[in-house]
């Protein structure tokens, strides 16, 4: 494990999907926890628990198309997921809360893209992206583009986690079936995400896992290199797979995210986090 510092967040169905896993709390600094494609809020639950223990408000929520049926997942796309996170962030910023965006996998890419859009907003304190896809594998986009016209659903990938005990202990409720269409939507959005990264100005933490079987570690390294922030950090994990918040180095991941949030929160004039 190595950390490299650099000086210097429609309907009743949609409301249920994006509903928080705990009551909304108004606090000076809000951490928005964003899960990945075919994921769920539980994916970042250990991070959320540590943040709350340290006095942060942490809000996790279902992205559109998730937590329901395979058909609804199939009908969701990048713009839906991005729009949901954007709405959550803007709602908090509009009432005077500062926001830290924390995303895993696809959620990390969404958070980085939103950080680029909100680069001029002083209320956005930072973004932490855990295993964010930037390119994935070169063959995937063409394959998924063809598959979505032929096969509506495919079996969902199993949990990419090295620690067997943690794999048995996770309480994820994700669908057993996924769809090529939303996966293709993600891949199609990544060139714009990469192009926007130099616009990210808030502090950035990128976590990558060297043995990730879902998102290549080089994607996280590219996100770190391309981000335009003056203050950015890279945590490269040596023993974990994709589910970094639940795997071998869970403690280090949670501790580093908490330390990052504390640093960026204390820079806020509205911060009420104990030093």
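In my numbering, the protein residues as written are 43 to 317.
Glycine included, each C-beta is placed from N, C-alpha and C at the ideal position.
These numbers were taken from a predicted model, which means no experiment stands behind them.
Under 7 Å Cβ to Cβ from residue i, same chain only, skipping five residues before and after it: list those, please.
i           : result
residue 64  : Unreliable placement is indicated for residue 64, whose pLDDT of 48 sits below 50; the coordinate value is still reported in the next sentence. Hits under 7 Å: none found.
residue 283 : 202, 203, 204, 251, 253, 254, 255 and 289
residue 243 : 161, 270 and 271
residue 286 : 172, 173, 249, 251, 279 and 295
residue 152 : 76, 123, 124, 127 and 145
residue 292 : 88
residue 238 : 155 and 158
residue 208 : 288 and 289
residue 129 : none
Between residue i and residue j, how many whole angstroms is the CB-CB distance? I'm expecting something under 8 Å.
i           : j           : result
residue 224 : residue 119 : 6 Å
residue 79  : residue 143 : That belief does not hold up - the Cβ atoms of residue 79 and residue 143 are roughly 17 Å apart, past 8 Å.
At what residues does the alpha helix (DSSP H) containing residue i begin and finish?
i           : result
residue 114 : 112-116
residue 232 : 222-238
residue 93  : 87-95
So, residue i versus residue j, is the Cβ gap smaller than 8 Å?
i           : j           : result
residue 245 : residue 206 : no
residue 141 : residue 126 : no
residue 228 : residue 148 : yes
residue 3   : residue 76  : Outside the modelled stretch of the chain, which goes from 43 to 317, sits residue 3, for which no answer is possible.
residue 175 : residue 85  : no
residue 82  : residue 108 : yes
residue 155 : residue 166 : no
residue 247 : residue 264 : no
residue 306 : residue 168 : yes
residue 268 : residue 301 : no
So residue i is in the beta strand (DSSP E); what residue range does that whole segment cover?
i           : result
residue 168 : 166-172
residue 101 : 99-102
residue 73  : 71-76
Just to confirm my understanding: we take residue i, look at its own chain, exclude 5 residues before and 5 after, and list those with CB closer than 6 Å. What are they?
i           : result
residue 139 : 72
residue 299 : 89 and 170
residue 134 : 72 and 141
residue 68  : The predicted model places residue 68 with a pLDDT of 47, which falls under 50 and marks its position as unreliable, so this point remains unresolved.
residue 297 : none
residue 121 : none
Would you say the beta carbon of residue i comes nearer than 7 Å to a heavy atom of the ligand GDP?
i           : result
residue 155 : Within the structure as shown, the ligand GDP is missing, as the structure has no ligands at all.
Skipping 5 residues on each side, what residues in its chain have a beta carbon closer than 8 Å to that of residue i?
i           : result
residue 94  : 100
residue 309 : 167
residue 234 : 155
Mind listing, in chain order, the continuous beta strand (DSSP E) runs of no fewer than 3 residues lying wholly within the stretch 123-152?
-> As summarised for the stretch 123-152, the continuous beta strand (DSSP E) elements at least 3 residues long and confined to that stretch are 140-146, given in chain order.
Length-filtered (4 minimum) alpha helix (DSSP H) runs lying within the stretch 252-301 | Those alpha helix (DSSP H) runs which fall completely within the stretch 252-301 and span 4+ residues are 259-268.
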